[in-house]
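Q: I am attaching a structure below and will ask some questions about it afterwards.
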Amino acid sequence: MTSNLMTSHEAYTNEHGKLSPFHERQAERNVRGAWAEWNGYKFAEYYYDAQYEYFCVRNQCGTYDISPMQKYMIEGEQALAMLNRMVTRDLAKCKVGRAMYTVWCTEEGRLIDDGAVFRLADDKYMLTCGAPMIAWLRRAKLGFTNVTVTDVTDDIAALSIQGPTSYSVLRTLNLTGDDALETLKLFDVREFTFNGKPITVSRTGFTGDLGYELWVDPAHAIELWDAIYAQQDNYGVHPYGEAATDMLRIEAGFIMPFVDFNEAHKTIHFRHDHSPLELNLDWLVNFKKPMFNGKKALLEEAKTGPEYRLVKLDIEGNKPAEEAWLYADKNCTKEIGYVTSAMWSPVAKANIALAMVKPDALKGDIYAEIYYTQELRQKMKVAKCELKDKPFWAPERARAVPPFQY
Amino acid sequence: MFDSIIIGGGHNGLVCATYLAKAGQKVVLLEAGDQVGGLAKKREFAQGFNAPVANYVQHFSDQVVKDLGLSKYGYANQGADSPLIAVGSDGQSISVLGDDLEGASDSDQAAYKTLRRSLKKYAKALNSSWNTAIPKVGDNSLREIGVFAKMGLNIRLMGKEDMQEFLRVFSLPMRDLMDENFESPLLKAALSWDGLQGARLAPRSPNSAVLALLLKMSSSTEGGVSLGSSQLISALTQAAIDAGVTIKTNTRVEQVLVSADESTVVATGVKLTDGEHINARRVVSGVDPKSTFMKLVPADYQEIEFIGRIDRFRSKGLVGKLNIALKSTPKFSADVADNGRLILADKMDDIEFAFDDTKYDLPSEHPVLEVTIPSSVDSNVAPAGKALLQANVMYLPQHIEGGWSEQAKLAYVQKLIAVLEKYAPGIGELVEAAELLTPDDLEKEYGVTGGHWHHGEFAADQILMMRPTYGAAQYNSPIENLHLCSAGCHPGGGLMGAAGRNAAKEILR
Ligand SMILES: Cc1cc2nc3c(=O)[nH]c(=O)nc-3n(C[C@H](O)[C@H](O)[C@H](O)COP(=O)(O)OP(=O)(O)OC[C@H]3O[C@@H](n4cnc5c(N)ncnc54)[C@H](O)[C@@H]3O)c2cc1C
């Protein structure tokens, strides 16, 4: 009998991660070989050291490869109508040249995913999100005839450049366009020319700091990378990976799938997914809109109030409250919630966390039961938590127009 | 301002409109075609020949006849006197009328009586469930409990043995049911017919054939057929007019008007293709569910999961209609009654093989036919001395490779006439005009998605509270004041009127 077993090199032929258009350069800098995977792309967990990369972004600037992020072009006369039925915000308010952060829900009002919608032209939108969404977009298109949805993930190389010196670096690229780069406000999107090639620049990011996202033809990715890294000595550019991103986004108060929320379509247990109201994203839910998927359910939920609320906590001490339970009392008898993300924040100099708390417990005391190890010994402490309204990191420079120059 | 707009003047639209008008509502019925009746409307395909697509009445609701006083308008459910005739290519025939078989063996006769007794019992037990809305599962209302309790009770009341037998056979393939009971292949083919026709089913398919057969046995005629549907349609039309329904033909609805505010999405009227707006307190669609939600209601107002379920509502029809204008009444080799329903299939495998082709989007290479000669009972359907032949053709997919071009259709008509020639030699000579309506033609001309007999498969996953899908299974929809009343609702298709009546009852509740 002949064996159908594949030889070892054949076995995983199609399982190797796809390589990002920036891979060649990133591989040179990935000195630890710390590769992870994102949407089928080989993707850096970190390049040198997560903490170091975090400080680079907060103090100078860093680049983060968002090519693996899923990107969809939604075009046609009914593009707006189709997207507006799908997402919770009113995209009619998103003008050409603007982007919007939004979420979309199931008909039960549970969060499918979050992402950004860029309005590139009257009838042309780009939707970006962390996980593949084509199946949902195809369903979201049902009933509309004048709209097309195209997955352009592999057709666009995208690089995020974040941190205080990001603008100063981009200035050296001599981008030319109808508007000057310095006029871009947060969530503005503009077309420019870079070395004679088109480039789209948006003032967006996932760090809560000054920063931009750059969108180019994959063929020009390396040229763009090299131009940016030519400024390394002047402005301190460094690539950062997934681990640093996670720190940066917690400080900015941004939520992460499968950390702070479970995507509804990937949730099996009843109510282990989340509604945008639970995630404190009420500001994204436009009930004035005539219809959007999940509106009926969310209206009901708004009446009775959500089961949980995602809040920001400042926790006493310096032990990160990772996976901590929350209680209303110091003796930890009345459980009121759980921590979803936690870290010691170097910039805020605080022990911070995002947490899900039962709404009626928010008026009272909150204590976290924190487990940690000290030289292999299991330790536990109960720490008092303080509610915070504002993100832990929201510097003036993140919004300033024109941006600060270094 | 109207209380109700009914979109579509099929028989269900007419029935619903009349009930609402009789309850005091101001009702307008808007029909795209030049006359009402839907698939059963008059159809003059050749001069002087009237050939409605749905040309016989089999299970029209007794309750509707009574409630709307149709006898006053010349319609009654009596006179279901058209025998089902199994016709073999060798000239043999077996005729079935009511509980009696003619031309069959003694053992088949005995078996038929026994099976028939059971089937009638089951049909009766199911009757109350066809004639009411099936509540949502899980609302735990008294009504829900009541309806389900009654369904269960009726089945239980058949007695333990019948109940067990019913639960055993209700999803059986027709082939098993027939093989268990009969010996004549010819008889089996004909008796399986009513369970199959109109659905994506062949004798070997499990699922809903027995239920479909029982649905067709739901009226007092117990599955008996009377040729000619025009009397029914004209009675329904007259009843509607007398009840005060305003009927507008040549009036096509382009869109259901929907208005939405912060908390509700409400249907407020319709927009016609000529641009006119008509407002009403509610809109009732007698058009199939897929057309209603995919074409008439703007997508902007419908939740994605709901429209996804509507999108996958299976509604690919497989029955075509052959109409032939004949110089005179054809002569069949077999000894058959003129007013019979002839099933031209020697054995169940003929039907099965005909079905197999459609799995690959091919029209049946050897089609099977159900043939009637309506001119034998109604002199108005053909010019004096001439004859009208109408046949349901199984199976024809809506889309075939290369499309249903005029040429493809002509060639297929020739094939069908050749089939008829085997049973009625010389019939080809009598043909004056012939037309074939494919499911695609039916979709285009009658606005029925897929040209489907039931507006959507009558199958286990698409019946009762799943018909057409949850969220719209109680003759309502996720959009307030938008209701449904067509065959795409519970209980399903055929000239029955139950969907129209149940819808009106829900609206008036
Ligand atoms: C080939 C074939 C043969 C059949 N033969 C029989 C038979 O002999 N006996 C039997 O009992 N059943 C038969 N049936 C089944 C039966 O015809 C249907 O189940 C029945 O007609 C359904 O009735 P309805 O009122 O729900 O809808 P329909 O009869 O489909 O009526 C819908 C109406 O809506 C109208 N409409 C559609 N769109 C619009 C619009 N936008 N604006 C305004 N009006 C619109 C259409 O013109 C149509 O008049 C047959 C079906 C087929 C396909």
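The listed protein sequences correspond, in order, to chains V and B.
Sequential numbering from 0 applies to the first sequence in numbering that gives the first Met the number 0.
Sequential numbering from 0 applies to the second sequence in numbering that gives the first Met the number 0.
Here a beta-carbon is modelled for each residue, glycine too, at the ideal position from N, C-alpha and C.
(1) What are the start and end residues of the beta strand (DSSP E) that includes Tyr307/V?
(2) Is it the case that the CB of His454/B approaches a heavy atom of ligand 1 more closely than 7 Å?
(3) So is the beta-carbon of Glu43/B under 7 Å away from any non-hydrogen atom of ligand 1?
(4) In the structure shown, what three-state DSSP assignment does Arg42/B receive?
(5) Counting contacts by CB-CB distance shorter than 8 Å, is Val430/B in contact with chain V?
(6) For Pro289/V, return the contacting residues in chain B, with the cut-off set at a CB-CB distance below 9 Å.
(7) Do you know how far the Cα of Arg88/V is from the Cα of Ala503/B?
(8) Going by DSSP in three states, Cys518/B sits in which element: helix, strand or coil?
(9) Determine the closest residue to Asp80/B out of Val380/B, Ala132/B, Ala198/B, Arg340/B, with distance taken between C-alpha atoms.
(10) Going along the chain, which unbroken runs of the alpha helix (DSSP H) with 4 or more residues stay wholly within the stretch 120–177 of chain B?
(11) List, in order along the chain, the chain B residues whose C-beta lies closer than 7 Å to that of Ala218/V?
(12) Is the stretch 81–94 of chain B touching the stretch 469–488 of chain B in the sense that three or more CB pairs, one from each, lie closer than 8 Å?
(13) In angstroms with no decimal places, state the Cα-to-Cα distance between Thr152/V and Lys92/V.
(14) Of all the options Ala459/B, Asn322/B, Leu415/B, which has the alpha carbon lying nearest to the alpha carbon of Ala433/B?
(15) Should Pro424/B be labelled buried (16 or more other beta-carbon atoms within 10 Å of its own) or exposed?
(16) For Ile198/V and Asn292/V, what's the separation of their Cα atoms in angstroms?
(17) With which residues is His268/V paired in a DSSP beta bridge?
(18) At a Cβ cut of 7 Å, what residues of the stretch 283–315 of chain V count as close to chain B, listed as they run along the chain?
(19) When you compare only the Cα positions, how much space is there between Met246/V and Ser340/V?
(20) His398/B: buried (16+ other C-beta within 10 angstroms of its C-beta) or exposed?
(21) By DSSP, does Leu375/V sit in helix, in strand, or in coil?
(22) Looking at Val318/B and ligand 1, is the gap between the Cβ and the nearest heavy atom below 7 Å?
(23) Contact check, Leu368/B vs Asn391/B under 8 Å by CB: the rounded distance?
(24) Looking at the C-beta of Leu110/V, does it have a partner C-beta in chain B at a distance below 8 Å?
(25) What I want to know is whether the C-beta of Tyr445/B ends up closer than 7 Å to one or more non-hydrogen atoms of ligand 1.
(26) What are the boundary residues of the beta strand (DSSP E) that includes Ala352/V?
(27) Is it right to say Trp282/V is buried, meaning 16 or more other beta carbons lie within 10 angstroms of its own, or is it exposed?
(28) Roughly how many angstroms separate the alpha carbons of Met0/V and Leu213/V, rounded to a whole number?
(29) Less than 7 Å separating the Cβ of Ser494/B from some heavy atom of ligand 1?
(30) Would you say Leu280/V and Val102/V are within 8 Å of each other, going by their C-beta atoms?
(31) Can the beta-carbon of Ile240/B be found closer than 8 Å to that of Val27/B?
(32) Which residues does DSSP list as the beta-bridge partners of Tyr55/B?
(33) Assess, as a yes-or-no matter, whether the stretch 7–17 of chain B is touched by the stretch 478–497 of chain B under the definition of 3 or more beta carbon pairs within less than 8 Å.
(34) Does DSSP put Trp224/V in a helix, in a strand, or in coil?
(35) Quick one: any contact between the stretch 296–314 of chain V and the stretch 353–364 of chain V, if contact means 3 or more CB pairs under 8 Å?
(36) Sort Val447/B, Gly227/B, Asp439/B, Pro490/B by Cα distance to Ala458/B and report the nearest one.
A: In short, the structure shows the following:
(1) No beta strand (DSSP E) holds Tyr307/V; DSSP gives it neither H nor E.
(2) yes
(3) no
(4) coil
(5) no
(6) Val257, Ser258, Ala259, Asp260, Glu261, Val264, Asp299, Tyr300
(7) 38 Å
(8) Nothing about residue 518/B can be reported from this structure: the residues present for chain B run from 0 to 508 only.
(9) Arg340/B
(10) 141–155, 159–168
(11) None at all; the shortest Cβ gap to chain B is about 36 Å.
(12) no
(13) 26 Å
(14) Asn322/B
(15) exposed
(16) 34 Å
(17) Bridge partners of His268/V: none, in fact.
(18) Phe286, Lys287, Pro289, Met290, Asn292, Leu298
(19) 9 Å
(20) exposed
(21) coil
(22) yes
(23) 7 Å
(24) no
(25) yes
(26) 349–356
(27) exposed
(28) Unreliable positioning characterises Met0/V in this predicted model, as indicated by a pLDDT of 46, which lies under 50. The coordinate reading is nonetheless provided below. About 55 Å.
(29) One detail in the question is off: residue 494/B reads as Leu in this sequence, not Ser. Leu494/B Cβ: within cutoff of ligand 1.
(30) yes
(31) no
(32) Leu226/B
(33) yes
(34) helix
(35) yes
(36) Pro490/B
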